[in-house]
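>
2 protein chains.
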Amino acid sequence: MTALRALVTPGSLVDGMTIALEDAELHHLRVRRSVVGADVVVLDGAGSSARGTLVDDGTRLGIAVGAVQAAPALPVTILAVGAGDKDRFLLLAERCTELGVSRLIPLETERSQAVGSRVREGVLERARRRAREACKQSGNPWATVVEDACMLPALALRPGAMRWLLADARGRRCPAMARDAAVAWIIGPEGGLTPAEIEYCRVDLAAELVSLGPATLRFDTAAIAAGVVTQDRRRIILEE
Amino acid sequence: MTALRALVTPGSLVDGMTIALEDAELHHLRVRRSVVGADVVVLDGAGSSARGTLVDDGTRLGIAVGAVQAAPALPVTILAVGAGDKDRFLLLAERCTELGVSRLIPLETERSQAVGSRVREGVLERARRRAREACKQSGNPWATVVEDACMLPALALRPGAMRWLLADARGRRCPAMARDAAVAWIIGPEGGLTPAEIEYCRVDLAAELVSLGPATLRFDTAAIAAGVVTQDRRRIILEE
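Sequences listed follow chains A and B, in order.
Throughout the first sequence, residue numbering follows this note's numbering, covering 250 to 489 in sequence.
Throughout the second sequence, residue numbering follows this note's numbering, covering 250 to 489 in sequence.
(1) Answer yes or no: does any C-beta atom of chain A fall closer than 8 Å to that of Arg-484(B)?
(2) Per DSSP, Glu-357(B) forms a beta bridge with which residues?
(3) Is Thr-393(B) helix, strand or coil by DSSP?
(4) For Asp-481(B), count neighbouring C-beta atoms within 10 Å of its own C-beta (all shown protein chains included) and say buried if the count is 16 or more, exposed if not.
(5) Going by DSSP, name the residue or residues bridged to Ser-297(A).
(6) Going along the chain, which residues of the segment 462 to 484 of chain B sit with their C-beta nearer than 8 Å to a C-beta in chain A?
(7) CB-CB under 6 Å to Leu-415(A), same chain, minus the five flanking residues each way: which ones, in chain order?
(8) Could you tell me the alpha carbon to alpha carbon distance between Asp-293(B) and Arg-254(A), rounded to whole angstroms?
(9) Go ahead and pull the three-state DSSP assignment for Gly-365(A).
(10) Can you find a CB in chain B that lies within less than 8 Å of the CB of Arg-428(A)?
(11) Going by Cα to Cα distance, which pick from Glu-343(A), Leu-461(A), Met-411(A), Arg-428(A) is closest to Gly-437(A)?
(12) Determine whether the Cβ of Gln-318(A) lies closer than 8 Å to any Cβ atom of chain B.
(13) Closer than 8 Å by C-beta to Cys-384(A): which residues in its own chain qualify, once you throw out the five before and the five after it? Chain order, please.
(14) Compare the C-alpha of Glu-340(A) against each of Glu-446(A), Arg-281(A), Glu-382(A) and name the closest.
(15) Can you tell me which residues form a DSSP beta bridge with Leu-458(A)?
(16) Kindly indicate the opening and closing residues of the beta strand (DSSP E) around Val-290(A).
(17) Within 8 Å, do at least three Cβ pairs link the segment 394 to 404 of chain A to the segment 346 to 358 of chain A?
(18) Who are the near neighbours of Asp-306(A) in its chain, counting only those whose CB is closer than 8 Å to its CB and skipping five residues on each side?
(19) Any beta carbon from chain A within less than 8 Å of Ser-221(B)'s own beta carbon?
(20) Does DSSP put Leu-256(B) in a helix, in a strand, or in coil?
(21) Looking at the structure shown, is Arg-483(A) part of a helix, part of a strand, or coil, going by DSSP?
(22) Report buried or exposed for Ile-485(B), applying the criterion of at least 16 other Cβ atoms within 10 angstroms of its Cβ.
(23) Rounding to the nearest angstrom, what Cα-Cα distance links Arg-377(B) and Glu-448(B) in this structure?
(24) Across which residues does DSSP place Val-330(B) in a beta bridge pair?
(25) With a threshold of 8 Å between beta carbons, is Gly-286(B) in contact with chain A?
(26) Give me the residue from Leu-310(A), Val-325(A), Ser-387(A), Pro-324(A) with the minimum Cα distance to Arg-344(A).
(27) Compare the C-alpha of Leu-404(B) against each of Ala-342(B), Leu-275(B), Gly-331(B), Ala-313(B) and name the closest.
(28) Please identify the residue among Ala-322(A), Leu-454(A), Val-314(A) whose C-alpha is closest to the C-alpha of Leu-406(A).
(29) Between Leu-490(A) and chain B, is the shortest Cβ-Cβ distance under 8 Å, so that the two count as touching?
(30) So for Ala-380(A), helix, strand or coil by DSSP?
And the structure:
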């Protein structure tokens with residue numbers, strides 16, 4: 250069984266401190282019938298974690314935290330996704346944390362703008378919460394960072410060297426990747442990117458075309474598949 | 250853009266025939282503002298497809314079908330999944346078709362039996378519909394077959410040689426696979442398989458332990474990841 254896990258504000262974990270729990274976490278722990286004195290793993294979703302004990306100071310439940318561990322940073326894996334349906338986007342945010350994706354970017358494209366339920370501001374806040382919640386389920390101490398929506402040209406302005414991969418049925422099988430290489434995927438919306446957008450990715454981002462399988466994938470299936478194969482390729486050097 | 254696609258009963262496609270459309274398909278085509286005379290790709294979800302034309306015989310819309318194509322059978326990929334939440338299972342059924350999974354089996358395990366919203370009979374019918382619907386979106390002419398729920402020992406009774414893979418964090422990276430090898434995954438429920446169930450898989454099914462990543466994955470994320478890496482491994486011989 251998975252250990253009892255609680256989520257706290259990023260940066261709030263300090264050796265030996267007692268941390269008050271937010272209402273949502275209190276509810277979660279009560280649902281799991283936790284008792285004072287129980288062992289809890291505390292995660293802040295930003296790489297820090299600690300073992301702790303559930304305590305009651307008379308007014309509120311909290312966690313007395315032991316030694317704080319800082320997890321090594323994950324390699325950079327970015328998914329820029331032409332998101333359509335909002336429920337699928339919320340599920341995707343959660344899965345990104347499970348799959349070790351570092352950043353999820355909702356991409357505004359010509360055809361995703363036509364989607365009525367596309368990702369709006371309120372949805373982004375919910376997606377951030379879902380990505381953080383997934384730390385508890387998955388045990389990954391790093392929650393996927395869900396960025397604000399942006400247009401394709403904004404991707405070219407990001408700092409740092411990046412290997413751009415464009416999910417496209419005409420592409421080749423996903424190439425090998427170095428363990429720590431920064432990799433960023435572009436996943437088109439339902440209906441695909443326009444020819445001009447694809448040209449932009451190839452020329453301005455020097456994106457390689459990579460096929461994630463013979464069928465047409467929904468945006469969220471394609472994004473999950475990109476996360477899965479990236480994680481798989483990063484393991485080659487470690488294990489083979 | 251994806252072509253206009255319609256779904257018909259398995260086995261109903263015959264060269265040169267006109268096929269009446271079911272209500273759900275009529276609604277789908279009307280939503281897409283189809284007009285009589287439009288070109289339509291017709292799929293039966295069981296490997297057959299044809300180009301056709303939308304016709305109106307005065308009482309009902311139908312499709313006049315051209316030459317029927319039979320797609321080669323997909324290699325056998327089975328996912329036996331300790332399914333919990335029903336909405337996640339329904340989405341999974343759809344994604345299985347997108348990823349070329351041939352069969353999806355809801356697995357009754359000790360810990361999945363405790364899940365309140367676990368997959369019941371009515372849900373299976375809906376999952377079958379979702380898997381077939383996904384043929385239109387994905388263009389895969391083969392819908393994933395969603396089987397009735399079963400217990401672990403029933404898996405050993407299935408006919409035909411099968412390579413069993415058990416998703417387990419202690420396992421190794423997914424091995425290479427021959428293009429046409431029959432592969433079957435066992436994916437545990439939330440909370441995992443019990444030690445006795447794992448032992449059964451290892452001994453009675455000779456299952457290999459395969460890790461799908463360092464984090465604890467939800468049942469549906471793990472199942473999608475298994476579908477993605479299987480499809481990826483089957484492509485090695487074709488492309489490298």
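Heads up, the beta-carbon is just placed ideally off N, CA and C, and yes, glycines get one too.
Walking through what the data contain:
(1) Translated into positions along the second sequence, residue 484(B) becomes position 235. Yes, Arg-484(B) lies at the interface with chain A (some Cβ there is under 8 Å from its Cβ).
(2) Indexing the second sequence from 1 puts residue 357(B) at position 108. Paired residues: Met-400(B).
(3) Position 144 of the second sequence holds residue 393(B). Coil at Thr-393(B), not helix or strand.
(4) Translated into positions along the second sequence, residue 481(B) becomes position 232. Only buried fits Asp-481(B), as 16 or more other CB atoms lie within 10 angstroms of its CB.
(5) Locating residue 297(A) in the first sequence gives position 48, counting from the first residue. The partner list for Ser-297(A) (beta bridge, DSSP) reads Ala-319(A).
(6) Answer in chain order: Gly-462, Pro-463, Ala-464, Thr-465, Leu-466, Arg-467, Thr-470, Ile-473, Ala-474, Val-477, Val-478, Gln-480, Asp-481, Arg-484.
(7) Residue mapping note: residue 415(A) aligns to position 166 of the first sequence, counting from 1. Counting only Cβ-Cβ distances below 6 Å, and skipping sequence neighbours, we find Ile-435, Cys-450, Ala-456, Leu-458.
(8) Position 44 of the second sequence, counted from the start, is the residue given in the question as residue 293(B). Position 5 of the first sequence, counted from the start, is the residue given in the question as residue 254(A). Using only the alpha carbons, I get a separation of about 47 Å.
(9) By 1-based counting over the first sequence, the position of residue 365(A) is 116. Low confidence applies to Gly-365(A): its pLDDT is 47, below 50, so where it sits in the model is not reliable enough to give any reading.
(10) Taking the first residue of the first sequence as 1, we reach residue 428(A) at position 179. So no, Arg-428(A) is outside the interface.
(11) As a working mapping, residue 437(A) is identified with position 188 in the first sequence. Among Glu-343(A), Leu-461(A), Met-411(A), Arg-428(A), the Cα nearest to that of Gly-437(A) is on Leu-461(A).
(12) Within the first sequence, numbered from 1, the residue matching residue 318(A) stands at position 69. So, not an interface residue.
(13) Mapped onto the first sequence, residue 384(A) falls at position 135. Counting only Cβ-Cβ distances below 8 Å, and skipping sequence neighbours, we find Arg-254, Leu-256, Leu-292, Gly-294, Thr-346, Pro-390, Trp-391, Ala-392.
(14) Counting from 1 along the first sequence, the entry for residue 340(A) is found at position 91. One point to set straight first is that residue 340(A) is Leu, not Glu, in the sequence displayed. The candidate whose alpha carbon is nearest that of Leu-340(A) is Glu-382(A).
(15) Position 209 of the first sequence, counted from the first residue, corresponds to residue 458(A). Answer is Leu-415(A).
(16) As a position in the first sequence, residue 290(A) is number 41, starting the count at 1. Unbroken beta strand (DSSP E) run through Val-290(A): 288 to 292.
(17) Taking 8 Å as the limit for Cβ pairs, the verdict is that the segment 394 to 404 of chain A does touch the segment 346 to 358 of chain A.
(18) Position 57 of the first sequence, counted from the first residue, corresponds to residue 306(A). These residues qualify, in order along the chain: Thr-267.
(19) Lying outside 250 to 489, the shown extent of chain B, residue 221(B) is not represented and no answer is given.
(20) Mapped onto the second sequence, residue 256(B) falls at position 7. The three-state secondary structure of Leu-256(B), taken from DSSP, is strand.
(21) Taking the first residue of the first sequence as position 1, residue 483(A) is located at position 234. Residue state, collapsed to three classes: helix.
(22) The count along the second sequence starts at 1 and reaches residue 485(B) at position 236. Counting Cβ neighbours within 10 Å, Ile-485(B) comes out exposed, since fewer than 16 surround it.
(23) As a working note, residue 377(B) is residue 128 in the second sequence. As a working note, residue 448(B) is residue 199 in the second sequence. Each residue's alpha carbon lies about 31 Å from the other.
(24) To locate residue 330(B), count along the second sequence from 1; it is residue 81. Looking at the DSSP output, Val-330(B) sits in a beta bridge with Pro-355(B), Ile-436(B).
(25) To locate residue 286(B), count along the second sequence from 1; it is residue 37. Contacts with chain A at 8 Å (Cβ-Cβ) do not include Gly-286(B).
(26) In the first sequence, the residue the question calls residue 344(A) occupies position 95. Comparing Cα-Cα distances from Arg-344(A) to each of Leu-310(A), Val-325(A), Ser-387(A), Pro-324(A), the minimum goes to Ser-387(A).
(27) Within the second sequence, residue 404(B) is the residue found at index 155, counting from 1. Among Ala-342(B), Leu-275(B), Gly-331(B), Ala-313(B), the Cα nearest to that of Leu-404(B) belongs to Gly-331(B).
(28) Along the first sequence, read from residue 1 onward, the residue named residue 406(A) stands at position 157. The option with the nearest alpha carbon to Leu-406(A) is Leu-454(A).
(29) Since the displayed chain A opens at 250 and closes at 489, residue 490(A) lies outside it and no answer follows.
(30) Reading the first sequence from its first residue, position 131 is the one you call residue 380(A). In the three-state reduction of the DSSP assignment, Ala-380(A) falls in the helix class, which pools H, G and I.
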